Structure formats: structure tokens, C-alpha cells
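If you read the sequence shown in this note's numbering, its first letter stands for residue 14, the second for the next number, and so on.
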Amino acid sequence: MASLLSENKDFQNDLRGEMSSNAIAKKYKMARSGVQRWRMKLKLEPVSISEGQRETSESSDGTKTVEAIRSRPVTLDDARAWIKATGDDPDDYTLSIRSIAYGVDMFSNRMSASPKTKKSDPKRLDLPSLYAAARTKPRERVIVAPADRATVVVFADPQIGKTGRRGGTPELLDRMAEKREKLDDLLKVRKPQRTLLADGGDGFEGFNSGGNPMFTNDLSLAQQMDCYGTELFAFVDLLHQFGPVDVGAVLSNHTAWRNGKQNLGIPADDLGLFVHKQVRKVTTASKIDATWHFPDDYDESVAVDVMGTSIGLVHGNQFGPGGAISWWERQAFGAQAVTSADVLITAHYHTFGVGMAGRNPMNGRQRVWLGAPTLDNGSDYYRQTAGRDSDPGLMVFDVTPDGFDLQSLTIL
């Protein structure tokens, strides 16, 4: 029977034609499955893609796809013939086929062809031409000091009144005067349109902190607060020469209103914030264009908008060492001020640090955490208990309309 069918031209033509497998099986008195086997066995002509065509597409990487409904499944020979018909070489593609049977003699066929990745031939590379093209390719220049620029100065942890291995109040005042001189020189180069003085807290030492401040401080509490206010005004007075000044201030553990280790009142009763409010009165009387930003009465962090970039500020005693970014992540659930900040500045740990903290869903920008170095005379208590120490410094960075300018980050 098989030999007779293989020599029967009518049978072969029917297999290649539009007759269904059921019709052929009935005509030649055989099983439908036998007809399908014959169709797969014989070298049939490729499927005509134009007939029953449903969709043809080509992706950006050159992958071609065609889907068609036919009375039989497609083969790899069909796929090769299809690529040849497009004018391409099938050997340059990885071919794949898929056929799904449904109904009687109905197949949903899909053929795909993905370009093969060819290895580069070093002999074919014209290196002089490549280098010449690279030299002439237009590139965006790095602008050192664009006109639209704001400078952020981070004033952190001077702990005025404390004595340590770097000295006492005379040495601290001399250090801060030196930092202002360097800051003045830097601002003359950068020429910002406006500035932000971000006070990270612990402006004075107080008498309820760690160690033994009652016997090591060289200033009384009133003197500490007076000196703190004088230094704040000196920085604001310098900054306002370069345009409007924003001042961000937060509460901190050393300047908290406390009885021993027990905090009194609400967060807004912080004595450091009280000093800021007195300095604000002086700047207003002096006609200085300065605007203060404080946390809400029951909050401990604040955010300041600087040229469209949100700068968050918190002292840092709210979390343990190395926990700034994790703390920041959790602020969303409490709807805190720094929830949508692009940059978070923290102090408290007296060491410089930087970390990337994902992206801001509000604008797609990369979020950055900055840990500020200290201005103080050295925390011998912390150095002895935690083993950490760093040089004093004044952290400065710029913000442009594009956001935080990483290359501007410096420590004076």
C-alpha cells in the first residue's frame, strides 16, 4: 500500500494541495493519522507565507517573525525558504518554528529568525579610522561652574565649649575662621546664585552629654549658646554676599532641653533651634536676605528645596552607626519631611560618609546620602568607646537644575 501511494501522483498532489487530511483519508481509504505522516514524510513545497498570513514583524534587533494559519505544520525548510524570499541568507539567522494544531487540519504556525552574533575579525578593523572618528565625535563638555548653581555648606557638630585633644574654644574658633576663609575663596570661584547653610546640629556641647562635660567644658551653657549664635551669624553673613541664603536647622542630642538623660518638652523646644531663632532676628534687623527652615514642632527632620532638588537634613542620633539609608527608607511610612528628598545630610557620627540610596520615584534621580565630618575638637569619648575618629572639616557641594553635582563635593 505504501509503495503504491508513494508512486501515486494524484495522492502526492492531494497532500500538497488544499484538501483536508480527513478528505484525503476518505478518498484513499486510510486513517487520518496516516495522511499526516505522509505529509511530514514527503518533501513538500514550502508554505506560501502570503496565503493565510496573519502577522509579520521585525524588531529593533533584526529579529523577524511571521505567523500564518495553514492546513499543515511548518518545517525548518519552510523557514529557510521564507528568509531566502526576503533576500537574506538563512545561515545568518537562528531559525525557530512553532505549530499548534486546532480544529480539523488547522495549524497556527509561527516562524522566527534572529540574527546570529558574529565575532569581530581584528583584520577588518581600521584602527586609524576608528580613532579619528572618536576624536571628531561631538561630546558634552563638563562645565565647572555653570551660571545656575547653588552651594550647600554643611555646618556640623562643632560642640562649642568642649575641650579635647585638639584643644578648646580658642582652637575651635580659629579652626572655624580658617574654614570661612577657605569657603570664601571657593565661593568666589563657583559664583553660586544662592546658598544653603545646613546645620546638622550639636552646635554646642551642653552639660548632659556623654563623658564628663561638667569638668571638661571651658564655657558655661550661656557662653556656649552665645558663641554658637555668633558663629552662625558669621557664616550667614559670609554666604549672603553671594546671594539669598537658606538656613536649615534640626534638633540634636547635645542641644536638647534635658534634665540629665531625660528630654524635656517637645522636639521644637531644642535649645539649638532657640539659638537659630535669635540669629534670625539679628539677620532680619541687618536686612540680610536669609530664610530659615525648621522641622515641624513634633518632627526631627527637615527638607529644603534648592533649585528643584530636595535636600533633607537630620542630626543622626535617630539611628545607629551605618543606619542612615535604612532609616531614610522607612520614613515613607511615617510621611516624614525627608520622604521625597534627593539628598539626605546627616551629622552626629563625626565622620564623612557617602552612599547611594536608590532612585527618587518622584523624578527618577539617584538618591544620595552624605554623612558630614565634624568641626569639633575631637570626640575622645566616642573614639575610646567606638574606635572611630576623623579629621575636622566643612563639607560643601553644589546643586544645579540637573540635581546634586557629585563632582562639586569637597571638604574644606
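C-beta atoms are modelled at their ideal positions from N, C-alpha and C, and glycine is treated no differently. Here the structure is a predicted model, which is why all the values come from computation and not from measurement.
Inter-residue spacing [alpha-carbon to alpha-carbon] between residue i and residue j
i: Trp-341; j: Ser-72; result: 42 Å
i: Asn-376; j: Met-320; result: 14 Å
i: Glu-58; j: Ser-84; result: Below a pLDDT of 50, predicted positions are generally treated as unreliable, and Glu-58, at 44, falls in that range; the measurement from the model is reported next regardless. Cα to Cα, the separation comes out at about 13 Å.
i: Ile-424; j: Pro-405; result: 9 Å
i: Leu-326; j: Phe-332; result: 14 Å
i: Leu-286; j: Gly-329; result: 16 Å
i: Gln-49; j: Ser-34; result: 7 Å
i: Gln-206; j: Ala-281; result: 31 Å
i: Gln-344; j: Ala-385; result: 20 Å
i: Leu-28; j: Pro-128; result: 33 Å
i: Ile-10; j: Asp-197; result: The structure shown has nothing for residue 10, since the chain only spans 14 to 425.
i: Val-202; j: Val-409; result: 13 Å
i: Ile-279; j: Asn-272; result: 13 Å
i: Ala-126; j: Ala-81; result: 15 Å
i: Ser-339; j: Ala-316; result: 18 Å
i: Thr-268; j: Thr-322; result: 28 Å
Closest Cα partner of residue i within the set the options
i: Ala-2; options: Lys-290, Val-412 and Cys-240; result: Past the boundaries of the shown model lies residue 2; the chain is included only from 14 to 425, so the question cannot be answered.
i: Glu-218; options: Gln-206, Lys-201, Asp-197 and Cys-240; result: Cys-240
i: Pro-334; options: Ala-360, Asp-355 and Ala-316; result: Ala-360
i: Ser-233; options: Leu-245, Phe-220, Thr-76 and Thr-243; result: Phe-220
i: Phe-417; options: Pro-386, Pro-405, Val-367 and Gly-406; result: Val-367
i: Ser-121; options: Arg-111, Met-238 and Trp-95; result: Arg-111
i: Ala-354; options: Lys-97, Leu-200, Asp-198 and Gly-371; result: Gly-371
i: Val-295; options: Thr-413, Gly-216 and Leu-245; result: Leu-245
i: Leu-11; options: Arg-93, Arg-178 and Ile-173; result: The first residue shown for the chain is 14 and the last is 425, placing residue 11 beyond what the model contains.
i: Thr-208; options: Asp-250, Ala-190 and Glu-184; result: Asp-250
i: Arg-293; options: Ala-269, Phe-248 and Ile-82; result: Phe-248
i: Gln-254; options: Ala-235, Thr-268, Leu-199 and Trp-305; result: Leu-199
i: Ala-262; options: Thr-182, Asp-283 and Lys-274; result: Asp-283
i: Tyr-362; options: Met-369, Asp-389 and Met-53; result: Asp-389
i: Thr-176; options: Gly-216, Asp-231 and Ala-235; result: Asp-231
i: Pro-86; options: Ile-113, Thr-107, Tyr-106 and Leu-108; result: Ile-113
i: Asp-91; options: Arg-123, Phe-168 and Gly-75; result: Arg-123
i: Gly-256; options: Lys-274, Leu-277, Ile-301 and Gly-216; result: Ile-301
Three-way DSSP call (helix, strand, coil) for residue i in this model
i: Asp-318; result: strand
i: Ile-37; result: helix
i: Pro-103; result: helix
i: Asn-26; result: helix
i: Val-295; result: helix
i: Gln-49; result: helix
i: Met-369; result: strand
i: His-289; result: helix
i: Ile-338; result: helix
i: Ile-173; result: strand
Per-residue burial, residue i [other beta carbons within 10 Å of its own, 16 or more giving buried]
i: Ile-358; result: buried
i: Glu-313; result: buried
i: Phe-346; result: exposed
i: Lys-77; result: buried
i: Gly-213; result: buried
i: Asn-21; result: exposed
i: Ile-37; result: buried
i: Thr-99; result: exposed
i: Gln-237; result: buried
Opposing strand residues paired with residue i [DSSP bridges]
i: Asn-122; result: Ala-81 and Ser-112
i: Ser-323; result: Asp-318
i: Arg-207; result: Ala-163
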